[in-house]
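A.B. asks: Just passing along the structure, written as structure tokens.
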Amino acid sequence: MMRRRRSPALPQHPSTSIRTARTARTVLAALLAGAAVLTAQAGPAAADGLPDTGRPPATARPPATDWSVALVESTTARHTPTSIGGWSYPVGLYLYGQYLTYQRTHEDRYLTYIKEYVDRFVDADGNIGQKFNSLDSMQAGRLLVILHHETGEDRYGVAARMIRERLKTYPRTEDGGFWHADTASRAHQLWSDGVYMVNPFLVEYGKEFADEAYTDREAVEQLNVYARRLQADNGLFQHAYDESRTAVWADKGTGRAPEQWCRAIGWYSMAAVNVLDATPRSDPGRRELLGHVRELAAGIARTQDPATGRWFQVVDKGTADGNWTETSCSSMFTFALSRGAEKGYIAKSYEGVARRGYRGVLEKISLGSDGLTDLTDISIGTNVGDYAFYIARPRQTNDFHGLGAFLIMNEQLRKKVSGR
């Protein structure tokens, strides 16, 4: 995170709360003038699906377009901080990506927008009006930690502590995994999605409020518990696990859901990298977590679509009828492989897989007829189901799951292709 700001007020938007779509189009026109495409090709894949380590890493000419700025300008033109939606993890994911763009560009409007969104829910005393009865409801808590760090306002810390306190009583499986939600329909269930909803928040909260003794250990252990229950022999993760074996989708022997849904695995991959980045090498569970991450990376690389560089909605069934490449998970995998290779969690050779993924995702972003960016082929929010259920999920353009994942990916990869 950036150095804490102690100035009392962030710059304010004009009376419309954000720039108009016309202004955003003007900004985008300048950004997109002379846009280039990536032309470099990665080395060929070996028989196991990994990049040929006998060749140097692929290089790429940087795109002229700053797609992060273009996407943020477009999204803030389409939605005000009031109209963007309620307290939710898809909006929280997108705004986290917007914050990463702010960290690089220092464009104060981006941070002000986040603050105006959060201030709809947090009052002057730090009350937030959330019960936090699901992991999904905790993801946007990252914004509370960010705003405490950036503004120094205690109320954001008070609100963030509500999540920390809720975890003291939050229900767990017998081996300690947080239930996906504290409801009858989600009792005893672990969903691969859930690790991203709480664990990056935990490690960031721990650093901001000197609570690492609990938060680091908890986050690493949660990732390990989930992997023990959900990771398959191919290194990938089933979407969910039911300890009680009573869910209609649960295998009566293993408790696992039948399919390996791409975004669920993407959530785990990003969470694991975030937690490894934040926790010390001395953590007793770190070696186990690194093992899970390396198995996962191998599975991700093996299932990359050689034609597009992206990944399929049902990851391990790319040749099955009706399957299609999905943009949000492709962004998530690309980020996790690139960051993991950079930090030494996985082999450097995975950088080539990430570069192919990056090129593939960039094929899904363009300017629409309104002059704003469009990011396509994003699966809407998804329950647990069978193969037919996943491939029939509607594909949306500019869904926040994809927008946020794209920004996280682009802020990681653009520096590698541009050298900036």
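Throughout the sequence shown, residue numbering follows mature numbering (1 follows the signal peptide of the UniProt record, and there is no 0), covering -42 to -1, 1 to 378 in sequence. We treat Cβ as the ideally placed atom computed from N, Cα and C, and that holds for glycine.
(1) Where does Glu166 sit, in a helix, a strand or coil, going by DSSP?
(2) Alpha carbon to alpha carbon, how far is Trp269 from Gly276? Give it in angstroms, no decimals.
(3) Could you give the DSSP three-state label for Ile42: helix, strand or coil?
(4) Would you identify the three-state DSSP class for Tyr154, choosing helix, strand or coil?
(5) Considering only residues of the same chain and omitting the five flanking positions on each side of Asp94, which have a CB-CB separation below 6 Å?
(6) Based on the DSSP secondary-structure assignment, which residues constitute the bridge partners of residue 410?
(7) Whose C-beta lies closer than 8 Å to the C-beta of Ile304 among residues of the same chain, with five residues either side of it excluded?
(8) Use the C-beta contact count for Gln196: other C-beta atoms within 10 angstroms, 16 or more gives buried, fewer gives exposed.
(9) Excluding sequence positions up to five away, which residues of its chain have a Cβ less than 6 Å from the Cβ of Ile366?
(10) Under 8 Å, do Gly152 and Val116 count as touching if we go by C-beta distance?
(11) Of all the options Glu132, Ser92, Arg113, Asp209, which has the alpha carbon lying nearest to the alpha carbon of Leu125?
(12) Going by DSSP, what residue range makes up the alpha helix (DSSP H) through Asp66?
(13) Of all the options Leu160, Pro238, Arg214, which has the alpha carbon lying nearest to the alpha carbon of Tyr184?
(14) Looking only at C-alpha atoms, which of Ile323, Leu248, Ala259 sits nearest to Lys301?
(15) I'd like the span of the alpha helix (DSSP H) that includes Trp25, first residue to last.
(16) Reducing DSSP to helix, strand and coil, say where Gln218 ends up.
(17) Compare the C-alpha of Ala142 against each of Ser202, Thr109, Asn157, Gly87 and name the closest.
(18) Mind checking Glu132: buried by the 16 CB within 10 Å criterion, or exposed?
(19) Any contact between the segment 320 to 334 and the segment 350 to 366? By contact I mean 3 or more CB pairs, one from each, below 8 Å.
(20) If contact is defined by three or more beta carbon pairs under 8 Å, each pair taking one atom from either stretch, is the segment 155 to 165 in contact with the segment 175 to 191?
(21) Taking the alpha-carbon positions, what's the Arg13 to Glu309 distance?
(22) To the nearest angstrom, how far is the alpha carbon of Arg351 from that of Ala222?
(23) For Arg100, count neighbouring C-beta atoms within 10 Å of its own C-beta (all shown protein chains included) and say buried if the count is 16 or more, exposed if not.
(24) Judging by CA-CA distance, which residue of Gly134, Asn341, Phe291, Ser327 is the nearest neighbour of Gln370?
(25) What residue range does the beta strand (DSSP E) around Gln147 cover?
(26) I'd like the list of long-range same chain contacts for Leu194, defined as Cβ closer than 8 Å, with 5 residues on each side in sequence excluded.
(27) Give the single residue among Arg186, Gly318, Ile323 whose Cα lies nearest to the Cα of Ala28.
(28) Whose CA, out of Asn368, Gln147, Thr283, Trp225, lies closest to the CA of residue 429?
C.D. replies: On the basis of the data shown:
(1) Mapped onto the sequence shown, residue 166 falls at position 208. Reduced to three states, the DSSP call for Glu166 is helix.
(2) Within the sequence shown, the letter at position 318 stands for residue 276. Within the sequence shown, the letter at position 311 stands for residue 269. Those two C-alpha atoms are separated by around 8 Å.
(3) Along the sequence shown, one-based indexing puts residue 42 at 84. Three-state DSSP puts Ile42 in coil, outside helix and strand.
(4) By one-based count along the sequence shown, residue 154 stands at place 196. In this structure, Tyr154 counts as helix in the three-state DSSP scheme.
(5) For the purposes of this step, residue 94 is taken as the residue at position 136 of the sequence shown. Hits under 6 Å: Tyr47, Met155.
(6) Here the chain comprises residues numbered -42 to 378, so residue 410 is not present and cannot be evaluated.
(7) Sequence index remark: in the sequence shown, residue 304 carries index 346 (1-based). Cβ within range, chain order: Val251, Arg252, Ala255, Leu295, Gly298.
(8) As a working note, residue 196 is residue 238 in the sequence shown. With 16 or more other Cβ atoms within 10 Å, it is buried.
(9) For this step, residue 366 is matched to residue 408 along the sequence shown. Excluding residues within five positions, the ones whose Cβ falls inside 6 Å are Gly55, Phe293.
(10) Taking the sequence shown and counting its residues from 1, one reaches residue 152 at position 194. Taking the sequence shown and counting its residues from 1, one reaches residue 116 at position 158. Contact flag unset, no.
(11) For the purposes of this step, residue 125 is identified with residue 167 of the sequence shown, where counting begins at 1. Considering only alpha carbons, the answer is Ser92.
(12) Translated into the one-based positions of the sequence shown, residue 66 becomes position 108. Where Asp66 is concerned, the enclosing alpha helix (DSSP H) stretches over 66 to 76.
(13) Translated into positions along the sequence shown, residue 184 becomes position 226. The shortest Cα separation from Tyr184 among Leu160, Pro238, Arg214 belongs to Arg214.
(14) The count along the sequence shown starts at 1 and reaches residue 301 at position 343. Of Ile323, Leu248, Ala259, the residue nearest in Cα terms is Leu248.
(15) Counting from one through the sequence shown, the residue named residue 25 turns up at place 67. First-last of the alpha helix (DSSP H) with Trp25: 25 to 36.
(16) Mapped onto the sequence shown, residue 218 falls at position 260. Here Gln218 sits in coil by DSSP.
(17) Position 184 of the sequence shown holds residue 142. Ranking the options by Cα distance to Ala142, first place goes to Ser202.
(18) Locating residue 132 in the sequence shown gives position 174, where the first residue counts as 1. The residue is exposed, with fewer than 16 neighbouring Cβ atoms inside 10 Å.
(19) yes
(20) yes
(21) Taking the sequence shown and counting its residues from 1, one reaches residue 13 at position 55. Taking the sequence shown and counting its residues from 1, one reaches residue 309 at position 351. In this prediction, Arg13 has a pLDDT of 42, which is less than 50 and means its spatial position is unreliable; nothing more can be read from the coordinates.
(22) For the purposes of this step, residue 351 is identified with residue 393 of the sequence shown, where counting begins at 1. For the purposes of this step, residue 222 is identified with residue 264 of the sequence shown, where counting begins at 1. When rounded, the distance between both Cα atoms is 14 Å.
(23) Taking the sequence shown and counting its residues from 1, the one referred to as residue 100 is at position 142. The residue is buried, with at least 16 neighbouring Cβ atoms inside 10 Å.
(24) Taking the sequence shown and counting its residues from 1, one reaches residue 370 at position 412. The shortest Cα separation from Gln370 among Gly134, Asn341, Phe291, Ser327 belongs to Phe291.
(25) Reading the sequence shown from its first residue, position 189 is the one you call residue 147. Segment 147 to 149, the beta strand (DSSP E) holding Gln147.
(26) Along the sequence shown, one-based indexing puts residue 194 at 236. Correct list, in chain order: Gln218, Ile223, Leu254, Gly257, Ile258, Thr261, Val273, Asp274.
(27) The count along the sequence shown starts at 1 and reaches residue 28 at position 70. Cα-wise, what sits closest to Ala28 is Ile323.
(28) Only positions -42 to 378 of the chain appear in this structure, which leaves residue 429 out of reach.
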